[in-house]
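Numbering (our numbering), first residue to last: 85 to 506.
For every residue, glycine included, the Cβ atom is placed at its ideal position computed from N, Cα and C.
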Ligand code: AMP
Ligand code: GLY
């Protein structure tokens, strides 16, 4: 079949890499793609939210399946747009994508389905004073979340009541995150280690395709500003069979069952952002897509043909698929532009290692090729090396050794990915 993949990050390069290995994939196109995705298929210069131009391309190239990488087009209804025209899409409907697109929607859904998550309340300008009163008596720290999509920046953890009061005012009155913060979710703080679990669903059945731990802070030892993700490891040692059974029984099954029971159409990836609180899993957030850089460790470990999974999903027979995951550990280490996650420059010349060890893959994120075919940086997160090895430590060491050989001005990476799993 002919597949169109939407997106341009490391996640999309890893998905393209995986899809291109399937005998079921005839042509793979990536819109818009990056400086690496062209190794796995054909880049097409169309934006992920330009549905009309994408549709024309889909007709022209007889695309059978559209796979959506990032959340934005999903929350804007790309699923509904293409399925209405008879083109299969891997992703949730616009309505179901609110699991990611609205924190208030997802909290209400979890409450209805009895899924463990932090206690919360939601406020807008209408009940602003009640919100301030609620905050004043709330135990510390207090978690404030902009309801809508805020490019990963809409969550503030406040350690004093004064800070909470000011952030709340900024979000609601000053629209700090635009329309996204006109509604604010105030949440109880949960203390524990985070883990992301990934599921593919046809809306009825589901398959767990992997899990990972993301390193979100810019600095070593988990210090400094939050980023999109500086690296990942998989598997996560504390996610043993007993823990994963709780995740499945208390979270995954009620989520998929709840979507079905409530008529929320969902045929795609579910990203469960979880926290392990003393051995008990709670949902921090849902995302309606794969994670980045989680995909860069999940795809290399997934042995099952992903395109075969999509075929079965579209037939409503996902249950028939046997998922096979590599027993080896994977680690990915992201090279970022100097200054990221603050201001940084793009367009720096890049040099990649001439050859890679057999157990290492390079996934491009913010890169592009110029007219002469030279590779340039084109974003904050630039490129990531993923290694497979018997242990997390060995995988991280191999990935690091390759990132060290990736050269561009201002390159930075965390040397401690997987540090706590010695
Ligand atoms: P989110 O965008 O909902 O994933 O939140 C971003 C990050 O904020 C999460 O990855 C957590 O590290 C943190 N966070 C969110 N909600 C909570 C919570 N209730 N308790 C503790 N940390 C949280
Ligand atoms: N790495 C976190 C995310 O993709 O949302």
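Query	Result
Could you give the residue range of the alpha helix (DSSP H) that holds residue 385?	379-385
Mind checking which residues open and close the alpha helix (DSSP H) that includes residue 487?	476-489
My guess is that residue 350 and residue 176 are in contact by the Cβ rule of under 8 Å, so how many angstroms apart are they, rounded?	4 Å
How is the alpha helix (DSSP H) around residue 398 delimited, first residue to last?	390-399
Can you give the beta carbon distance from residue 320 to residue 279, rounded, assuming they're within the 8 Å contact cut?	5 Å
Can you determine whether any heavy atom of the ligand GLY sits closer than 7 Å to the C-beta of residue 375, and answer yes or no?	yes
Using only CA atoms, which one of 218, 109, 314 lies nearest to residue 421?	314
Indicate the three-state DSSP secondary structure (helix, strand or coil) for residue 338 in the structure shown.	helix
If you count every other CB in all the chains shown that lies within 10 Å of the CB of residue 387, and 16 or more means buried, which is it?	exposed
Do you know offhand how far residue 90's Cα is from residue 217's?	44 Å
Which residue marks the beginning of the beta strand (DSSP E) containing residue 143, and which one marks its end?	Not the beta strand (DSSP E): residue 143 falls in the alpha helix (DSSP H), residues 135-144.
Do residue 202 and the ligand AMP come close, with the Cβ less than 7 Å from some heavy atom?	yes
Mapping the DSSP letters down to three states, classify residue 178 as helix, strand or coil.	coil
Tell me, please, which residues DSSP counts as bridged to residue 295.	281
With residue 470 as the anchor, note down where its beta strand (DSSP E) starts and where it stops.	465-473
Kindly indicate which three-state DSSP category residue 97 falls into: helix, strand or coil?	helix
Given that a residue counts as buried once 16 or more other Cβ atoms are within 10 Å of its Cβ, and exposed if not, what is residue 182?	buried
With respect to 7 Å, is the separation between the Cβ of residue 310 and the closest non-hydrogen atom of the ligand ATP below this value?	The model on display carries the ligand AMP and the ligand GLY but not the ligand ATP.
Do you know offhand how far residue 299's Cα is from residue 264's?	25 Å
In terms of residue numbering, what span does the beta strand (DSSP E) encompassing residue 167 cover?	Careful: residue 167 lies outside any beta strand (DSSP E), inside the alpha helix (DSSP H) at 162-167.
Does the ligand GLY have a heavy atom nearer than 7 Å to the CB of residue 378?	yes
With H, G and I counted as helix, E and B as strand and the rest as coil, what does DSSP make of residue 195?	helix
Below 8 Å on the Cβ atoms is my guess for residue 63 versus residue 470; work out the distance and round it to an integer in Å.	Residue 63 lies beyond the stretch modelled for the chain, which goes from 85 to 506, so this question has no answer here.
Quick one: grab the DSSP three-state call for residue 402.	helix
Can you give me the start and stop residues for the alpha helix (DSSP H) that residue 213 sits inside?	212-220
Taking DSSP as the reference, what is the three-state secondary structure of residue 344?	helix
Just the Cα atoms here: how many angstroms apart are residue 147 and residue 93?	21 Å
List the endpoints of the continuous alpha helix (DSSP H) containing residue 157.	155-159
Helix, strand or coil for residue 448, going by three-state DSSP, please let me know.	strand
Would you say residue 484 and residue 499 are within 8 Å of each other, going by their C-beta atoms?	yes
For the ligand AMP, is there any heavy atom lying closer than 7 Å to the beta carbon of residue 192?	no
Could you pull out every unbroken beta strand (DSSP E) segment of at least 3 residues lying fully inside the segment 228-271, listed in chain order?	239-242
Just curious, the alpha helix (DSSP H) that residue 111 is in, first and last residue?	Residue 111 -> not in any alpha helix (DSSP H); beta strand (DSSP E) instead, spanning 111-116.
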